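Scroll down for the structure; my scribbles are underneath it.
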Amino acid sequence: MSDAPIIYTLEGKRVWVAGHRGLVGAAVVRRLNRERCTLLTVDRATLDLKRQAAVEAWLKDARPQAIILAAATVGGIASNDARPAEFLYDNLMIQANVIEAARQSDVEKVLVLGSTCIYPKFAPQPIAEEDLLTGPLEPTNEWYALAKIAGVKLAEAYRRQYGFDVISAMPTNLYGPGDFFAPEASHVIPALIGKIHAAKARGEASVEIWGTGRPKREFLHCDDAADALVFLMTRYSDYSTINVGTGEDLSIRELATLIAEIVDYSGGFHFNTQRPDGTPRKLTAGKKLAALGWKARTNLRDGLAATYQWYRAALADGRVRA
Ligand code: GFB
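Residue numbers (the numbering used here): 5 to 326.
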């Protein structure tokens, strides 16, 4: 099947990657380095995306023509639960400020990034884009999910009222080199890489896994996600959000086993059911993106092995702490 035609070109354009230091933003920067466009980035210390006037002034001055909005306050299941106000407020403000300022500054196209936790906790599997707002959310991440649903709706509303070309994409759980590694606060892959690596180094017989190990998750490498976002930027322009995933998932127990193999850890696991499982499953239906001609390339084992290699190098040179 051939790819959907290019309907928007990035060539010669000024493209702002908001959130360029994050996992996906950094991957988008790497991916855009292969396009003939001018990359714009700005550090958090220079521009606080939560401040409306500052965002409007920065955009008027920097004049991007296209924006990939990868900036967000994010974290794993425990951070989501512990910092509900920040996860809701920060993400609402960032999205609203950037989209409205982009409209005022005549930006041509904006891509807003979300997450598949926007879908109902018990959505039918695999989850299609049409399942949005058909049932209650998973309580551990409803704050983040509500903000990201607002992002989808801002994209729809600005297209409807102003004819502004704002699209939204919902990647599944992302991982890869440059991820945020902190045992309490990070997502499951960096948490387990860190914990299993430490257990091996200390000669510990077992590693704590949160919850029952039975929830299933779909994981997408950040470089695949970035490739999909650039693909969508150039080939998609419509109301519906678009899922971005691999179409394959595995249980947390299976994930822990795979990471232990990669780390070469021969100990066991103990499951702490005092910690939350979160949503039981969130496998995405990728039909819309597949119909446009895109599919993920990185196999999970290879992606995890490369991430582990990056983690060891980052530990050695002090970019991350154990
Ligand atoms: O990646 P994670 O934190 O987020 O957790 P979610 C995924 C699963 O791994 C849950 C289990 O079932 C956790 O209980 N798990 C096991 C662990 N051990 C650990 C551990 O040591 N650390 C962590 N973090 N998990 C997030 C949402 O949900 O996914 C966000 O909270 C966002 O809003 C993100 O959508 C992509 O997949 O449950």
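All residues carry an ideal CB built from backbone N, CA and C; glycine is no exception. In this text, all values refer to a predicted model and were calculated from it rather than measured experimentally.
- Residue 84 sits buried, since 16 or more C-beta atoms from the chains shown fall within 10 Å of its C-beta.
- Beyond the five residues adjoining it in sequence on each side, residue 75 comes within less than 6 Å, by CB distance, of 22, 23, 53, 98 in the same chain, given in chain order.
- For residue 281, the shortest C-beta to heavy atom distance toward the ligand GFB is below 7 Å.
- In this structure, DSSP gives residue 85 a helical state, which the three-state scheme calls helix.
- For residue 233, the distance from the CB to the nearest heavy atom of the ligand GFB is not below 7 Å.
- For residue 71, the uninterrupted beta strand (DSSP E) run begins and ends at 70-73, by DSSP.
- Taking non-hydrogen atoms of the ligand GFB into account, the C-beta of residue 6 is found less than 7 Å away from none of them.
- Short note on residue 248: C-beta not closer than 7 Å to any heavy atom of the ligand GFB.
- The segment 11-99 contains, as complete beta strand (DSSP E) runs of 3+ residues, the segments 18-22, 42-44, 70-73 (chain order).
- Annotation for residue 260: the continuous alpha helix (DSSP H) segment containing it runs 256-267.
- In this structure, the beta-carbon distance from residue 12 to residue 113 falls below 8 Å.
- Taking 8 Å as the cut-off, the beta carbon of residue 73 is found closer than this to the beta carbon of residue 117.
- A distance below 8 Å separates the beta carbons of residue 208 and residue 271.
- Residue 256 and residue 96 have their C-alpha atoms roughly 30 Å apart.
- The alpha-carbon separation between residue 18 and residue 279 amounts to approximately 45 Å.
- Contact between residue 122 and residue 153 is confirmed by a C-beta separation of about 5 Å, below the 8 Å threshold.
- Runs of the beta strand (DSSP E) spanning 3 or more residues and lying entirely within the segment 174-256 occur at 177-179, 210-214, 223-225, 246-248, in chain order.
- DSSP places residue 7 in the coil class of the three-state scheme, outside both helix and strand.
- Linking residue 202 to residue 254 through their CA atoms gives a straight-line distance of about 23 Å.
- In the pairwise beta carbon analysis, the segment 295-314 is classified as touching the segment 220-227: at least three pairs are separated by under 8 Å.
- Not one heavy atom of the ligand GFB lies closer than 7 Å to the C-beta of residue 9.
- In the DSSP assignment, the residues bridged to residue 169 are 113.
- If you look at residue 139, you'll find it isn't in any beta strand (DSSP E); DSSP assigns it neither H nor E.
- Under the Cβ criterion (8 Å, minimum of three pairs), the segment 233-247 counts as touching the segment 169-181.
- C-alpha of residue 215 to C-alpha of residue 8: approximately 42 Å in a straight line.
- In this structure residue 51 is in contact with residue 58, their Cβ atoms being roughly 6 Å apart against a cut-off of 8 Å.
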